[in-house]
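A.B. asks:
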């Protein structure tokens, strides 16, 4: 069980760490207003999602379900685990249906003249939706640690 807890913890750190640092680097790059720097940063955010977010998602789901099974947690009643799973699914839906398409558009429009209003509109939308997609896993982390119900 300890190796699974380790995998689960490392996966949670990588998952939350990557989504938080992506926003930081994006805002920092945009502050420079250097189109080349912004474009490179937006491309690297997408790359980091493939390198860190996807593997950590697999690690979280695999180790999480194995830990739940080994610990005899019920997945048929409302408890901290089922709420966490629901929030994680919601995070995935937001990421796949909203954030990834927005990131692709940011990559496209960051390569054009930087005063392009399309880029800034898409970027601000990504900021708002991205904030939600960061807060959900932080709440999941709280539920995982506190197990309040």
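Residue numbers (UniProt numbering): 1 to 149.
Each residue gets a CB set at the ideal place from its N, CA and C atoms; glycine is no exception.
Secondary structure at residue 55, three-state DSSP: helix, strand or coil?
C.D. replies: Residue numbering aside, residue 55 sits at position 55 when the chain shown is read from its first letter. In the structure shown, residue 55 sits in a helix (DSSP, three-state: H, G or I).
A.B. asks: Specify the secondary structure class of residue 30 as computed by DSSP and reduced to three states.
C.D. replies: Walking along the chain shown from the start, residue 30 turns up at place 30. Helix.
A.B. asks: When burial is assigned at 16 or more other CB atoms within 10 Å of the CB, is residue 119 buried or exposed?
C.D. replies: Numbered from its first residue, the chain shown carries residue 119 at position 119. Residue 119 is buried by the Cβ-count criterion.
A.B. asks: Is it right to say residue 22 is buried, meaning 16 or more other beta carbons lie within 10 angstroms of its own, or is it exposed?
C.D. replies: For the purposes of this step, residue 22 is identified with residue 22 of the chain shown, where counting begins at 1. Buried, because 16 or more other Cβ atoms sit within 10 Å of the Cβ of residue 22.
A.B. asks: Starting from the Cα of residue 14, find the closest Cα among 148, 48, 71, 25 and give me that residue.
C.D. replies: For the purposes of this step, residue 14 is taken as residue 14 along the chain shown, with counting starting at 1. That would be 48, whose Cα lies nearest to the Cα of residue 14.
A.B. asks: Rounded to whole angstroms, what is the Cα-Cα separation between residue 148 and residue 81?
C.D. replies: Here residue 148 corresponds to residue number 148 of the chain shown, with the count starting at 1. Here residue 81 corresponds to residue number 81 of the chain shown, with the count starting at 1. Whole-angstrom Cα-Cα distance: 10 Å.
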